[in-house]
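Undergrad: Residue numbering for the sequence shown follows my numbering, beginning at 157 and increasing consecutively.
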Amino acid sequence: PRKSLPRKSLSRKGTEMSATVSSVVVVGVDGSPESAHAAEWAAREAARRHATLHVLTAFRPYPAGLPGVPEAGEYSTGWPAIGQALVDGVAGRLRDRYPGLTVQGEYQLRDPRPALVQASRTALMTVVGNRGSGRLPEVLTGSVALHLAARAHSPVAVVPLSEPAETLQTEAALQRWRS
């Protein structure tokens with residue numbers, strides 16, 4: 157496997173592309189069917205490129221005390237557990253399906269947009285689904301995918317849900333938390 161490759165510094169509307177590329181494919185997941193499909197796609201791509209797959213989940217904190225938002229104590233302890241369960245579930249499932257693939261997982265308690273942009277700095281490629289678990293299902297491309305496509309430091313693959321993807325066991329836990 158390649159460790160890193162030189163890359164020319166390209167400017168794209170003020171965004172500098174990374175000077176070096178690691179052999180890591182980053183995939184953003186949020187528990188949606190679209191992100192599950194993107195994770196499968198990213199795993200196949202990482203295996204094809206003999207790269208490591210880095211599964212990244214990030215949830216943006218909302219201010220406690222707003223209607224429908226849990227109290228700060230429940231919120232601060234609940235989201236990390238759900239986020240880590242999501243990462244562990246996706247990474248474990250992909251390790252089982254692709255035995256020769258090295259899969260790493262990471263959960264961050266922050267907005268997924270800057271988390272993925274930061275991860276793209278040294279990525280060979282950054283992958284997301286075309287829509288996430290946001291509340292506007294009629295939007296064809298999600299805000300995270302649009303943000304990433306405009307600001308990433310690596311090539312971005314926005315994977316459409318073209319066929320039913322296997323749902324994640326942790327999706328049910330995520331849905332219970334949201335309701």
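We treat Cβ as the ideally placed atom computed from N, Cα and C, and that holds for glycine.
#1: Compute the beta-carbon to beta-carbon distance between Pro-268 and Arg-307, rounded to the nearest angstrom, for a pair I have assumed lies under 8 Å.
#2: Does the distance from the C-beta atom of Val-181 to that of Val-246 stay below 8 Å?
#3: Would you mind sorting Arg-266 into buried or exposed? The rule is 16 or more other CB atoms within 10 Å of its CB.
#4: Based on Cα-Cα distance, which residue from Arg-251, Thr-258, Ser-299, Tyr-254 lies nearest to Pro-270?
#5: Classify Gly-256: buried if its beta carbon has 16 or more other beta carbons within 10 angstroms, exposed otherwise.
#6: Span of the alpha helix (DSSP H) holding His-303?
#7: Here's the rule I'm using: 16 or more other beta-carbon atoms within 10 Å means buried, otherwise exposed. How should Thr-213 be labelled?
#8: Identify every run of the beta strand (DSSP E) within the stretch 247-287, keeping only runs that are complete inside it and at least 3 residues long; order them along the chain.
#9: Taking only the alpha-carbon atoms, compute the straight-line gap between Ala-279 and Ser-310 and give it to the nearest angstrom.
#10: Tell me which residues share the same chain as Pro-316 and place their Cβ nearer than 6 Å to its Cβ, disregarding the 5 neighbours each side in the sequence.
#11: Under the three-state reduction of DSSP, which class applies to Ala-313: helix, strand or coil?
#12: Report the partner residues of Ala-214 according to the DSSP bridge assignment.
#13: Report, in whole angstroms, the separation of the C-beta atoms of Val-243 and Gly-261, which I expect to be a contact under 8 Å.
#14: Check for me: the alpha helix (DSSP H) holding His-193 runs from which residue to which?
TA: On the basis of the coordinates in this document:
#1: Rounded, the Cβ-Cβ distance is 12 Å, inconsistent with contact.
#2: no
#3: exposed
#4: Ser-299
#5: exposed
#6: 299-307
#7: buried
#8: 259-264, 281-285
#9: 6 Å
#10: Asn-286
#11: strand
#12: Gln-264
#13: 4 Å
#14: 189-204
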